[in-house]
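Below is one structure; the comments refer to it alone.
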Amino acid sequence: MSTVKVVINPESALAIATHLRHHKELKQRKGLFQTRQVDFFRYKRFVRALKSPEYAKKSTAQPELYPPVVEEGKTDEDADMKARLLFIAMIKSQLVLPCNKLDSTQSKQQGLKPSKEFPNLVLSTKAGLQPDEYYVWNYNPKTLTDYLAVIGVISAILTLVCYPLWPYFMRRGSYYVSLGALGLLAVFFVIAIIRIVIYLLLLPFANQNGGFWLFPNLFEDCGVIESFRPLYGFGETECYSYIKKMKRRKRRQAKKLAQSKTQPAELDEKKEN
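Take the sequence shown: its letter number 36 is residue 36 in UniProt numbering, and every next letter is one higher.
Right, here's the structure in full:
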């Protein structure tokens, strides 16, 4: 068994993290870690990113900063060991942290609120560097979008502060824009009041159907256009959240049915063996 040695520059861990932070091979997912949204990935995905042509090109140009992983005349096991040593250096620098992904039951046991969109993640006490182990990024380099956002916010603040210096036509235009925004807000409140009044007036006649609602999705968690579709509905059965809930329930039932069909087949195979 050959001994693999990698000379790791103190700046290599940060350089590798910056280069691979948004690499496509990681197939990163969003999760909730310590109440904040983070990106996490599997260890085997990071090894693949280190073996990618993009990293090989970097290591060829700057081998002292990006130690080569895949080399000619070396086995795949040697490449895996080099990737392992580089990943350990990143863990020691706290650029990545080991974590466990929790399901809904485990989240409740940990006192965490389950999320429908993002899984809950908790810090793991050890990093085994197993292929399917999860790791979370503890490093978020500034991107061009971040700098542009800061410049945009500062520019907007300075523009508002300098309002008295604006030309007359700009001040006049901002006046009409603000009136338009207030008008839209007033229309929204009028629609909300009208739909409540109509619901109360027609409740004795449509009580069996759950009541008549004008714009049943007006206050639902959906897009602006979906909020005004359909024009009317009865009860909760035509609301966006109810329809979405029913779709999720059907998917779960179909999944359970598929699992129940596969389990007897597996048992029969075991008996035959």
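Every residue gets a Cβ at the ideal spot worked out from N, C-alpha and C, and that includes glycine.
Our two residues, residue 177 and residue 159, have alpha carbons roughly 16 Å apart in a direct line. Minimum Cα-Cα distance from residue 83 among the listed residues 4, 174, 219 corresponds to 4. With respect to the 8 Å criterion, residue 141 and residue 42 are not classified as neighbours on the basis of their beta carbons. Judged by pairs of C-beta atoms under 8 Å, the stretch 253 to 261 does not touch the stretch 205 to 221, as fewer than three such pairs exist. Going by beta carbons, residue 136 and residue 121 fall inside the 8 Å limit. Here the C-alpha atom of residue 152 lies approximately 42 Å from the C-alpha atom of residue 129. Closest by C-alpha distance to residue 20, out of 166, 37, 51, is 51.
DSSP places residue 98 in the uninterrupted beta strand (DSSP E) bounded by 96 to 102. Assigned with DSSP and collapsed to three states, residue 229 falls in coil, not helix or strand. Between the stretch 73 to 89 and the stretch 8 to 15, the count of C-beta pairs closer than 8 Å reaches three or more; the two stretches touch.
Ranking 30, 97, 139, 26 by CA distance to the CA of residue 124 puts 97 first.
Under the rule that a run must span 3 or more residues, the beta strand (DSSP E) segments found entirely inside the stretch 22 to 83 read 29 to 33, 36 to 42.
Straight-line measurement puts the Cα of residue 32 at about 19 Å from the Cα of residue 126. Taking 8 Å as the cut-off, the beta carbon of residue 13 is found no closer than this to the beta carbon of residue 85. One thing to note: residue 74 has its Cβ no nearer than 8 Å to the Cβ of residue 66.
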